[in-house]
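Visitor: According to the UniProt record's numbering, the sequence shown is numbered sequentially starting from 1.
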Amino acid sequence: MKHEHILGIELGSTRIKALLTDVNYQEIASGSHQWENHYENGMWTYAEAEIWEGLQCCYKNMAEDYERKFGEALTEISAIGLSGMMHGYLVFDEAGKLLTPFRTWRNTNTGQAADELTKLFSFPVPQRWSIAHLYQAILNQEPHVKAVRYMTTLSGYVHWKLTGKRVLGVGDASGMFPINRETATYDEAMLAAFDERIADEKFPWRCRDILPDVCKAGEDAGHLTEEGAGMLDVTGNLKAGSVLCPPEGDAGTGMVAANAVRPCTGNVSAGTSIFAMVVLEKPLAEVHPEIDIVTTPEGSQVAMVHCNNCTSEINQWVSLFQELLRGMGVEKTDAQLYQLLFESAAISDGDCGGVLCCNYHSGEPIAKMEEGLPMLIHRADGHLSLGNFMRAQLYAAVATLKIGFDIIRNEGIRIDYLTGHGGLFKTPEVGQRILSEALKVPVCTMDHAGEGGAWGIALLAAYRLRQGMDGTLDDFLSQCVFRDTHRTTICAKEEEQRRFDIYMKQYDNLLNIERVAIEELHEAHR
Numbered sequence: 001m002k003h004e005h006i007l008g009i010e011l012g013s014t015r016i017k018a019l020l021t022d023v024n025y026q027e028i029a030s031g032s033h034q035w036e037n038h039y040e041n042g043m044w045t046y047a048e049a050e051i052w053e054g055l056q057c058c059y060k061n062m063a064e065d066y067e068r069k070f071g072e073a074l075t076e077i078s079a080i081g082l083s084g085m086m087h088g089y090l091v092f093d094e095a096g097k098l099l100t101p102f103r104t105w106r107n108t109n110t111g112q113a114a115d116e117l118t119k120l121f122s123f124p125v126p127q128r129w130s131i132a133h134l135y136q137a138i139l140n141q142e143p144h145v146k147a148v149r150y151m152t153t154l155s156g157y158v159h160w161k162l163t164g165k166r167v168l169g170v171g172d173a174s175g176m177f178p179i180n181r182e183t184a185t186y187d188e189a190m191l192a193a194f195d196e197r198i199a200d201e202k203f204p205w206r207c208r209d210i211l212p213d214v215c216k217a218g219e220d221a222g223h224l225t226e227e228g229a230g231m232l233d234v235t236g237n238l239k240a241g242s243v244l245c246p247p248e249g250d251a252g253t254g255m256v257a258a259n260a261v262r263p264c265t266g267n268v269s270a271g272t273s274i275f276a277m278v279v280l281e282k283p284l285a286e287v288h289p290e291i292d293i294v295t296t297p298e299g300s301q302v303a304m305v306h307c308n309n310c311t312s313e314i315n316q317w318v319s320l321f322q323e324l325l326r327g328m329g330v331e332k333t334d335a336q337l338y339q340l341l342f343e344s345a346a347i348s349d350g351d352c353g354g355v356l357c358c359n360y361h362s363g364e365p366i367a368k369m370e371e372g373l374p375m376l377i378h379r380a381d382g383h384l385s386l387g388n389f390m391r392a393q394l395y396a397a398v399a400t401l402k403i404g405f406d407i408i409r410n411e412g413i414r415i416d417y418l419t420g421h422g423g424l425f426k427t428p429e430v431g432q433r434i435l436s437e438a439l440k441v442p443v444c445t446m447d448h449a450g451e452g453g454a455w456g457i458a459l460l461a462a463y464r465l466r467q468g469m470d471g472t473l474d475d476f477l478s479q480c481v482f483r484d485t486h487r488t489t490i491c492a493k494e495e496e497q498r499r500f501d502i503y504m505k506q507y508d509n510l511l512n513i514e515r516v517a518i519e520e521l522h523e524a525h526r
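Written as structure tokens, this is what we have:
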């Protein structure tokens, strides 16, 4: 090939991002496409057509960026990686037809299934997991279940269409069905238990038959077909033959982008949702429904705290403030406005001036909240300043994560540091310090913190291209990718940590108000 280019594509909750890198893992072209999920017929979803329209638009923007910079069309890509939001429910019939609209991780209608499977497996099965969605559909006696012949995640679906391979990276697969710690593939005993549980339904499939094959980082996951190249690049410039790495979820790519695949390290990804990952030295002693047990892209066990809500409420307030500024004839970019608002949080009272907010746009299982209702309250004798308002918003963005993370800490799990990435960390130090206050651990950021997922899957594609020549994934990341990367570490002082603990007591009371408000709204609509 003329050049060795590596492409990472991430299908996130609000944006599809394509990042092209060179052999030194540096960005040389990028493109993106904004999209939003829809709440239709009681489900959060994206239309199938939107997936391909978004991918094609994103790729087109990246290819045009490349052509502007290098004066030639992009025709050959050495390796490609695909990442997507984890979990959810994508099921297909024998002909490959989608049987029901994509049910995303954001849905919280699978509580009964998750509870029953957690008891059946003696293993935590969250509501977001694909197996919980499937079992809930069975419990609901949805007619499409009999026709199911394949179930996968968003990244697995796109990978299948581009390569013809029904495979999934072990990290993403661990958000579909429990993974055995020793074999790094689906747990056979749990598969058998599930099949026995649903035996009376007499479905024409067994659970293992409809799941994708599991691959670890660096393993063969197929090549870009002629048809796949045409689906990605509608101009026809892109040639077939690119190597593809196993498709991964946003949790796995976040770990890679944060260089957090070693035991006792971890990462926090903070955007529309927020989740913390800690690579375990040993298994947790107890089953905790609030803690997912997933894996790194190489299959090491990870404790994951996942919260459905993080920056959506902040984003809406930024849109409101932007509308106000434009109405006054003041032009500020979104980036400038975010920075101004985030930095204002440093000029605030210790207790947020009596300001409290709940940022739940959707249900939040960790808080046992089945639906969301964003809420802002403040004491009549409080101090409603911009700084207090923004600190309360930022505290709310990480408060639910703290609820789950405290469970991991109480298990005595060693955590050397966490690395933050995602939108919450784009303004230097602000989100980083608040997260350290909440979780009571050192929090690091790196130069690539704002673009974690697309870059992370590009690194996995590079690792696949090199076929493990650089040792383990940890070796490859530490010695080849991050050897000279600048890292900033913040560890909150004890008084700052105590300040957050005091806030959490108030936040717990706010959640009680949230529950009552939701019930009252339902009553008003009856």
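Cβ atoms here follow ideal geometry from the backbone N, Cα and C, with glycine treated the same way.
What does the alpha-carbon distance come out to for the pair residue 67 and residue 159?
Guide: One C-alpha to the other measures close to 25 Å.
Visitor: Tell me where the alpha helix (DSSP H) around residue 345 begins and ends.
Guide: Per DSSP, residue 345 belongs to no alpha helix (DSSP H) and is neither H nor E.
Visitor: CA-CA distance, residue 4 and residue 261?
Guide: Cα to Cα, the separation comes out at about 26 Å.
Visitor: Taking the Cβ atom as the reference point for each residue, do residue 296 and residue 279 lie within a distance shorter than 8 Å?
Guide: Their beta carbons are under 8 Å apart, which means residue 296 touches residue 279 by this criterion.
Visitor: Check whether the segment 249-261 and the segment 402-416 are in contact - that is, three or more C-beta pairs closer than 8 Å.
Guide: Because the criterion of three Cβ pairs below 8 Å is not met, the segment 249-261 and the segment 402-416 do not touch.
Visitor: By a C-beta neighbour count over all protein chains shown, 10 Å radius and 16 as the cutoff for buried, is residue 508 buried or exposed?
Guide: Label assigned to residue 508: exposed.
Visitor: Starting from residue 58, trace the alpha helix (DSSP H) in both directions and tell me its first and last residue.
Guide: Taken as a continuous stretch (DSSP letters only), the alpha helix (DSSP H) holding residue 58 covers 48-70.
Visitor: Kindly indicate which three-state DSSP category residue 34 falls into: helix, strand or coil?
Guide: Correct three-state label for residue 34: strand.
Visitor: Quick test of the definition: if touching needs 3 or more C-beta pairs under 8 Å, does the segment 236-247 touch the segment 78-89?
Guide: Segments in contact, yes.
Visitor: In whole angstroms, give me the CA-to-CA distance for residue 256 and residue 464.
Guide: The straight-line gap from Cα to Cα measures roughly 13 Å.
Visitor: Based on the DSSP output, what are the partners of residue 89 in its beta bridges?
Guide: 103.
Visitor: Report yes if the C-beta of residue 305 is less than 7 Å from at least one heavy atom of the ligand ATP; otherwise report no.
Guide: Ligands displayed in this structure: none; no statement on the ligand ATP is therefore possible.
Visitor: To the nearest angstrom, report how far apart residue 178 and residue 382 are at their CA atoms.
Guide: Taking the straight line from one Cα to the other gives about 48 Å.
Visitor: If we count the other Cβ atoms within 10 Å of its Cβ and call it buried at 16 or more, is residue 527 buried or exposed?
Guide: This structure does not reach residue 527, given that the chain is present from 1 up to 526, and the question cannot be answered.
Visitor: Can you give me the C-alpha to C-alpha distance between residue 306 and residue 275, rounded to a whole angstrom?
Guide: Spanning the two alpha carbons is a distance of roughly 4 Å.
Visitor: Who pairs with residue 186 in a beta bridge, going by DSSP?
Guide: Residue 186 pairs with 179.
Visitor: Who are residue 243's beta bridge partners in DSSP?
Guide: Note: residue 243 sits in a beta bridge opposite 79 and 223.
Visitor: Report the residue from 227, 186 and 417 whose alpha carbon sits nearest the alpha carbon of residue 162.
Guide: The shortest Cα separation from residue 162 among 227, 186 and 417 belongs to 227.
Visitor: According to the neighbour-count rule (16 or more other Cβ atoms, all chains shown, within 10 Å of its Cβ), is residue 45 buried or exposed?
Guide: The residue is buried, with at least 16 neighbouring Cβ atoms inside 10 Å.
Visitor: Any idea which residues DSSP pairs residue 275 with across the strands?
Guide: Looking at the DSSP assignment, residue 275 forms a beta bridge with 269 and 306.
Visitor: According to the neighbour-count rule (16 or more other Cβ atoms, all chains shown, within 10 Å of its Cβ), is residue 517 buried or exposed?
Guide: Exposed.
Visitor: Which two residues bound the contiguous beta strand (DSSP E) that contains residue 255?
Guide: Taken as a continuous stretch (DSSP letters only), residue 255 belongs to no beta strand (DSSP E), being part of the alpha helix (DSSP H) at 250-257.
Visitor: Where does residue 262 fall in DSSP's three states?
Guide: Residue 262: coil per DSSP, three-state reduction.
Visitor: Can you say whether residue 106 is buried or exposed, counting buried as having 16 or more other CB atoms within 10 angstroms of its CB?
Guide: Label assigned to residue 106: buried.
Visitor: When you compare each of 222, 195 and 187 to residue 156 by their alpha carbons, which one comes out closest?
Guide: Of 222, 195 and 187, the residue nearest in Cα terms is 222.
Visitor: So what does residue 17 bridge to, in DSSP terms?
Guide: Answer is 10 and 32, bridged to residue 17.
Visitor: In the DSSP assignment, what residue or residues form a beta bridge with residue 501?
Guide: The partner list for residue 501 (beta bridge, DSSP) is empty, contrary to what the question assumes.
Visitor: Where does residue 413 fall in DSSP's three states?
Guide: Coil, per DSSP.
Visitor: Taking a contact to mean a Cβ-Cβ separation below 8 Å, would you say residue 216 touches residue 184 in this structure?
Guide: For residue 216 and residue 184, yes; Cβs fall inside 8 Å.
Visitor: Looking at the structure shown, is residue 507 part of a helix, part of a strand, or coil, going by DSSP?
Guide: Of the three classes helix, strand and coil, the one that applies to residue 507 here is helix, per DSSP.
Visitor: Going residue by residue through the segment 456-494, where are the continuous beta strand (DSSP E) segments of at least 3 residues, counting only ones entirely within it?
Guide: Runs found: 487-490.
Visitor: Give a yes or no on contact between the segment 405-421 and the segment 316-330, applying the rule of three or more CB pairs nearer than 8 Å.
Guide: Too few Cβ pairs lie closer than 8 Å, so no.
Visitor: Spatial neighbours of residue 204 within its chain, please: C-beta separation below 8 Å, excluding the five flanking residues on both sides.
Guide: Answer for residue 204: 146, listed in chain order.
Visitor: In whole angstroms, give me the CA-to-CA distance for residue 151 and residue 21.
Guide: Going from the Cα of residue 151 to the Cα of residue 21 covers about 31 Å.
Visitor: Using a Cβ-Cβ cut-off of 6 Å (strictly less than) and excluding sequence neighbours within five positions of residue 18, which residues of its own chain qualify?
Guide: The answer, listed in chain order, is 9, 31, 58, 59 and 62.
Visitor: Who are the Cβ neighbours of residue 173 in its own chain at under 6 Å, not counting the five residues just before and after it?
Guide: So the qualifying residues of the chain are 214.
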